[in-house]
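Just so we're aligned, residue 1 is where the sequence shown starts under our numbering, counting upward by one.
Just so it is clear, CB atoms sit at the ideal spot from N, CA and C, and this is done for glycine as well.
Here the structure is laid out as structure tokens; the discussion comes afterwards.
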Amino acid sequence: MEVEAVIFDLDGVLVHTDRFHYLAWAELADEKGIYFDENINQRLRGVSREQSLEIILERYDGPELSPEEKKEMTDKKNATYRKFLERMTSDDVSQEVRDTLQKLKASGLKLAVGSSSKNTKFILEKTGLADEFDAVSDGTMIKRTKPDPEVFRLAGNLLGMKPEKCLVVEDAVAGIEAGKAAGMKTAAYGEAATGHIADYDLEHFSDLLKILINHADRG
Ligand code: BG6
Ligand code: MG
1 MEVEAVIFDL DGVLVHTDRF HYLAWAELAD EKGIYFDENI NQRLRGVSRE
51 QSLEIILERY DGPELSPEEK KEMTDKKNAT YRKFLERMTS DDVSQEVRDT
101 LQKLKASGLK LAVGSSSKNT KFILEKTGLA DEFDAVSDGT MIKRTKPDPE
151 VFRLAGNLLG MKPEKCLVVE DAVAGIEAGK AAGMKTAAYG EAATGHIADY
201 DLEHFSDLLK ILINHADRG
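Structure (structure tokens):
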């Protein structure tokens with residue numbers, strides 16, 4: 001069945017805030033003397049702030065941490081992360097991403113964001129992307145984050161689209177799993193594309209045009 005809507009992950013797909021997540025977690029891990037590296041960071045893609053901390057704490061061997069101490073840690077990480085976000089502008093969205101979104105929209109496709117991040121709306125505002133989407137489903141609106149399908153199901157519902165008409169674009173393995181669990185088609189970008197687990201692997205963001213427009217007739 002033909003794709004009629006595209007649901008984009010945010011961090012690492014539309015914008016490179018994945019780097020800021022890494023730097024903010026690295027600062028926290030350093031402070032606490034916890035080993036952290038790029039490989040561990042890959043496992044944080046798409047998963048919630050709280051689950052990310054649990055993954056980082058796999059390398060922690062100090063006294064047990066209370067829920068309050070963990071909350072303090074996630075708050076601290078988010079404060080560092082928000083400092084990076086504060087400095088974002090429309091220059092943080094590549095011309096390739098802007099042109100591709102424009103062309104997809106012009107072809108009649110509905111566009112949405114599906115992100116685990118509670119900072120989604122702030123990032124969309126800072127980068128001037130807020131008006132580019134027909135729907136936004138984010139970490140403030142869901143109970144379970146990726147790989148659970150909730151965030152993408154909600155995006156599909158907000159668009160009024162059946163799952164099989166939606167294509168999810170993701171840089172996280174957890175995100176591809178979530179898209180599949182939602183019954184949607186999937187396109188992997190960046191890190192997720194290395195495992196060949198999605199329906200499509202994108203080398204460039206603009207490859208979406210080849211997949212979605214060149215073979216479709218939308219008048
Ligand atoms: C996802 C990121 O988009 O959002 C994860 O890939 C992050 O790494 C998650 O943990 C939650 O983000 P936030 O902004 O609510 O801490
Ligand atoms: Mg991502």
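Item	Value
heavy atom of the ligand MG below 6 Å from D171 C-beta	yes
Beta-carbon contacts of F202 that lie in its chain and below 7 Å, excluding the five residues immediately before and after	With the sequence shown as reference, residue 202 is identified as Leu, and Phe is not the correct amino acid for it. Here the set comprises A187, A188, Y189, A193 and L208.
Near the ligand MG: R45 beta-carbon under 6 Å from a heavy atom	yes
Between the CA atoms of P149 and G114 - distance to the nearest angstrom	10 Å
Through-space distance from F84 to E191, alpha-carbon basis	22 Å
Cβ-based burial, A178 [other Cβ within 10 Å; buried from 16]	buried
Any non-hydrogen atom of the ligand BG6 within 6 Å of K126 CB	no
Contact between the region 39-49 and the region 114-129 (3+ Cβ pairs under 8 Å)	yes
In chain order, each alpha helix (DSSP H) run of at least 4 residues that lies wholly inside the region 122-187	150-159 and 173-181
Beta-carbon proximity list for D30, same chain, < 8 Å, skipping 5 on both sides	F36
Helix, strand or coil at I213 [DSSP, three-state]	coil
F205 to M73 span [Cα, whole Å]	34 Å
Which of helix, strand or coil DSSP assigns to Y60	coil
Bounding residues of the beta strand (DSSP E) (the contiguous stretch that carries V6)	A5 to F8
Limits of the alpha helix (DSSP H) - the one that K71 falls within	P67 to E86
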